[in-house]
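Undergrad: For the sequence shown, the tail end lands on 373 under numbering that gives the first Met the number 0, and the numbers increase by one without skipping.
One structure coming up, written as structure tokens, with questions to follow.
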Amino acid sequence: MNTAVSASPPTSAGDALFPAGFVRDSADYILSQQLPDGSIPWFRGGYADPWDHVEAAMGLSIAGEYAAAEKAYAWLAGEQLADGSWWAAYKDGDVHDSDRRESNFVAYVATGVWHHFLITGNRLFLREQWPMVEKALGFVLRLQTSTGDIHWAVDADGSPREDALVTGCSSIYKSLECGIRAGHALGQVRTDWVAARNRLGEALRHRPERFDRTWESKARFSMDWFYPVLTGVFRGDAARARLRRKWNEFVVDGLGCRCVNDEPWVTVAESCELTMALVAAGERGRAAEIYRGLHRWQDDDGGYWTGYVYPDEAIWPEEKTTWTVGAMLLAADALAALTPASELFTSVSLPSHPAQDAEGIDHFDQLELGGSQR
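This is the structure we're talking about:
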């Protein structure tokens, strides 16, 4: 049975972005779900997937739970396959889904590792995790086509599933930026990754026919709308125009962002990611307005419910996912600059190096950013 709740936002003091104790309570919830081996499932008794595991680990880093976050990355390193990938899901110490390995799931470890380094400045951690990042991005880029898009997955036997996702490829675009920055910090200049990111950006901006070729379009999902802004594929005026275009299709005033455009269901994680995309596009006021209302979905244990079906005034599903809490912490950081990693998802920063010639740097970055600017 769905849990009925009020859709009214909680009262808070002044214009506070989050209630007192929010960071501590959120971290405690993630810690309560993390398993002794370091893995972070969606919730106790559920499974862990590589992408959402990293999202929750980033939340731990923001909250200063460095040892727990590093244990989460150590778990990933221990589970990494020889080709650099991970299976789609794990549960209770075993592989839960060995049907496929998804490229954006694999790439996201680069974002998490760089995020943790930005916060802690722990160079030993970065050096220790660099081989994992290098192997993961190597796996992903072996799936890149001549037109720049990246196949979304491989089968159990390693055969590519030959199609591409806008959201998945956008996430990879940010992961490549993070991998490039991590390598540069360690003196490992990867001009091949710079060039691959350039090709991927061109595909996302100019080759829409390369996505959703073999299945129904995913355009009904809000992530396809805002992820190219969240991850830096579109910046400045282009980003603002993209967000305006489908605002009324996905945003429910006073509630948040819908997961899909044809269901009356707003979700906390998508609303957090839209919050960060708005900050990236220079729409900080709108971002704060959406974010403040999300705390109504926090439970007494610090967890956040995944979504809300507004015609029924009901929580659905009745799950408090760790990655939703991670997204809440990431959005709080983007708005309130809680850590040195606060601009990771709201700006693009690429290192300068003599070995990177003009053909190796994304033309869009040159036009919109002039190197490493907002």
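Every residue, glycine too, gets a C-beta built ideally from N, C-alpha and C.
(1) Spell out the partners DSSP gives threonine 266 in its beta bridges.
(2) For valine 376, which residues of its own chain have a beta-carbon under 6 Å away from its beta-carbon, when the five flanking residues on both sides are left out?
(3) Where does cysteine 177 sit, in a helix, a strand or coil, going by DSSP?
(4) Here's a check: name, in chain order, each residue in its chain whose Cβ is nearer than 6 Å to the Cβ of leucine 328, leaving out the five neighbours to either side.
(5) Using C-beta distances below 7 Å, list every residue in its chain close to phenylalanine 42, excluding the 5 sequence neighbours before and after it, in chain order.
(6) Could you pull out every residue in the same chain whose Cβ sits closer than 7 Å to the Cβ of glycine 37, ignoring the five residues on either side in sequence?
(7) Buried or exposed for alanine 88, going by 16 or more other Cβ atoms inside 10 Å?
(8) Say whether the segment 177–189 touches the segment 123–140, bearing in mind that this needs 3 or more beta-carbon pairs closer than 8 Å, one atom from each stretch.
(9) DSSP three-state label for isoleucine 149, please.
(10) Apart from the five residues on each side of it in sequence, which residues of its chain come closer than 7 Å, Cβ to Cβ, to aspartate 154?
(11) If you draw a straight line from the C-alpha of alanine 333 to the C-alpha of lysine 245, how long is it?
(12) For aspartate 51, is the classification buried or exposed, using 16 other Cβ atoms within 10 angstroms of its Cβ as the cut-off for buried?
(13) Quick one: Cα of threonine 338 to Cα of isoleucine 118, how far?
(14) Would you say the segment 302–319 touches the segment 280–288, given that touching needs at least three Cβ pairs under 8 Å?
(15) Report the option in His95, Ser351, Ala15 and Leu16 whose CA atom is closest to the CA atom of glycine 186.
(16) Would you call glycine 13 buried or exposed, if buried means 16 or more other Cβ atoms sit within 10 Å of its Cβ?
(17) If you compare alpha carbons, which of Ser102, Trp264, Phe344 and His294 is closest to glycine 157?
(18) Which same chain residues end up closer than 6 Å to arginine 198 when comparing Cβ atoms and leaving out the 5 residues on each side of it in sequence?
(19) Can you list, in chain order, the stretches of the alpha helix (DSSP H) that have 4 or more residues and sit fully within the segment 16–46?
(20) Considering only C-alpha positions, which residue in the set Trp129, Lys90 and Cys258 is nearest to arginine 219?
(21) Under three-state DSSP, which class holds proline 227?
(22) Around the Cβ of glycine 20, are there at least 16 other Cβ atoms within 10 angstroms (buried) or fewer (exposed)?
(23) Is threonine 274 buried or exposed, if buried means 16 or more other CB atoms sit within 10 Å of its CB?
TA: On the basis of the supplied data:
(1) Answer is Gly306.
(2) Residue 376 lies beyond the range of the chain shown here (0 to 373); nothing can be said about it.
(3) helix
(4) Ser25, Gly58 and Ile61
(5) Gln32, Glu318, Lys319, Thr320 and Thr321
(6) Closer than 7 Å at Cβ, skipping near neighbours: Lys70, Ala71, Ala73 and Trp74.
(7) buried
(8) Judged by Cβ distances under 8 Å, the segment 177–189 makes contact with the segment 123–140, as three or more pairs qualify.
(9) The DSSP-derived three-state label of isoleucine 149 is strand.
(10) Excluding five sequence positions before and after aspartate 154, the CB atoms of its chain that fall closer than 7 Å to its own CB belong to Arg99 and Arg160, given in chain order.
(11) 23 Å
(12) In this structure aspartate 51 is buried. Its beta-carbon is surrounded by 16 or more other beta-carbon atoms within 10 angstroms.
(13) If I take the Cα positions, the gap works out to 6 Å.
(14) no
(15) Among His95, Ser351, Ala15 and Leu16, the Cα nearest to that of glycine 186 belongs to Ser351.
(16) In this prediction, glycine 13 has a pLDDT of 44, which is less than 50 and means its spatial position is unreliable; what the coordinates show is noted afterwards. Looking at its Cβ environment, which holds fewer than 16 other Cβ atoms inside 10 Å, glycine 13 is exposed.
(17) Ser102
(18) Gly147
(19) Every unbroken stretch of the alpha helix (DSSP H) spanning 4 or more residues and falling wholly within the segment 16–46 is given here in chain order: 21–32.
(20) Cys258
(21) Three-state DSSP puts proline 227 in a helix.
(22) exposed
(23) buried
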